[in-house]
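Undergrad:
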Amino acid sequence: STHLYKLSGGTSWNAGAYSVERFTGSGSLTFEATETNTARMVGLSVSGGSSDYTNIDFAIYQAADGLVEVIESGTNKGKFGSYSTGDQFSIERTDSGSIVYSKNGEVFYTSAKTSSLDTSLLADASL
Numbered sequence: 029s030t031h032l033y034k035l036s037g038g039t040s041w042n043a044g045a046y047s048v049e050r051f052t053g054s055g056s057l058t059f060e061a062t063e064t065n066t067a068r069m070v071g072l073s074v075s076g077g078s079s080d081y082t083n084i085d086f087a088i089y090q091a092a093d094g095l096v097e098v099i100e101s102g103t104n105k106g107k108f109g110s111y112s113t114g115d116q117f118s119i120e121r122t123d124s125g126s127i128v129y130s131k132n133g134e135v136f137y138t139s140a141k142t143s144s145l146d147t148s149l150l151a152d153a154s155l
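Structure, rendered in C-alpha cells:
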C-alpha cells in the first residue's frame, strides 16, 4: 500500500506523482478516496513526470465537491455520481484493451478508447 500526500502549494494541479513500475497486457490501478474536499486526478498514463492532468491518458477525477468524473487526456467524459471517503476506485485495461472504470467493484464507465496491450502503462496523479 502506498500513500500520496500533497504537502504544499496551491489548491490544485501544481503537484504530481507517477509510479516507477509499469505494466503491459491487462492490468489495473486501484486506489481509495481519502477525503472528499480536495481535487485530485489519478489514472493510467503512457508517460509520467508532469503535474498537468491533461497528460493522464485515463483518469478518475475526484472533484472537491464530492463528485466523480472521468477525464481522458484532458477531455471530460462525464460525471458519474458522488463519492465518499473510503470508496475504492479502479481503472483496468482488460484482455481486449478496453479501459474500464469502477467504484467499489461496480463498473460505471467503459471508455470508447482502447489501449494496445503492448503499450506499457504507469500510475499517474495530478494534485
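Residue numbers for the sequence shown follow the numbering used here, so the first one is 29 and each next one is one higher. In this text, a Cβ means the ideal position worked out from N, Cα and C, and glycines have one as well. Predicted, not measured: the structure shown is a model, and the values here were computed from it.
1) Excluding the five sequence neighbours on either side, which residues of its own chain have a C-beta within less than 6 Å of the C-beta of S118, listed in chain order?
2) What did DSSP end up calling L35 once you bin it into helix, strand or coil?
3) Only counting runs of 3 or more residues, tell me where the beta strand (DSSP E) segments fall wholly within the stretch 74-108, in order along the chain.
4) Compare the beta carbon distance of Y111 and V96 with 7 Å and say whether it is the shorter of the two.
5) Quick one, are the C-beta atoms of G125 and S101 less than 7 Å apart?
6) Closest to D123 by C-alpha separation, out of S73, T52, L150, A67, would be which residue?
7) Is the Cβ-Cβ distance between G71 and A87 less than 7 Å?
8) In this structure, how does DSSP classify L150 when only helix, strand and coil are distinguished?
TA: Checking against the coordinates, here is how it stands:
1) For the purposes of this step, residue 118 is taken as the residue at position 90 of the sequence shown. Within the same chain, S118 has close Cβ partners S56, T58, S130.
2) Locating residue 35 in the sequence shown gives position 7, counting from the first residue. At L35 the pLDDT is 47, less than 50, meaning the model places this residue with poor confidence and gives no usable figure here.
3) 86-90, 95-100
4) Counting from 1 along the sequence shown, the entry for residue 111 is found at position 83. Counting from 1 along the sequence shown, the entry for residue 96 is found at position 68. Result yes, Cβ atoms of Y111 and V96 sit closer than 7 Å.
5) As a position in the sequence shown, residue 125 is number 97, starting the count at 1. As a position in the sequence shown, residue 101 is number 73, starting the count at 1. No, the Cβ-Cβ distance between G125 and S101 is not below 7 Å.
6) Here residue 123 refers to the residue found at position 95 when the sequence shown is read from its first residue. Of the candidates S73, T52, L150, A67, the one whose C-alpha sits nearest the C-alpha of D123 is T52.
7) Sequence index remark: in the sequence shown, residue 71 carries index 43 (1-based). Sequence index remark: in the sequence shown, residue 87 carries index 59 (1-based). Yes, these two residues count as a Cβ contact at 7 Å.
8) Against the sequence shown, residue 150 aligns to sequence position 122. Strand.
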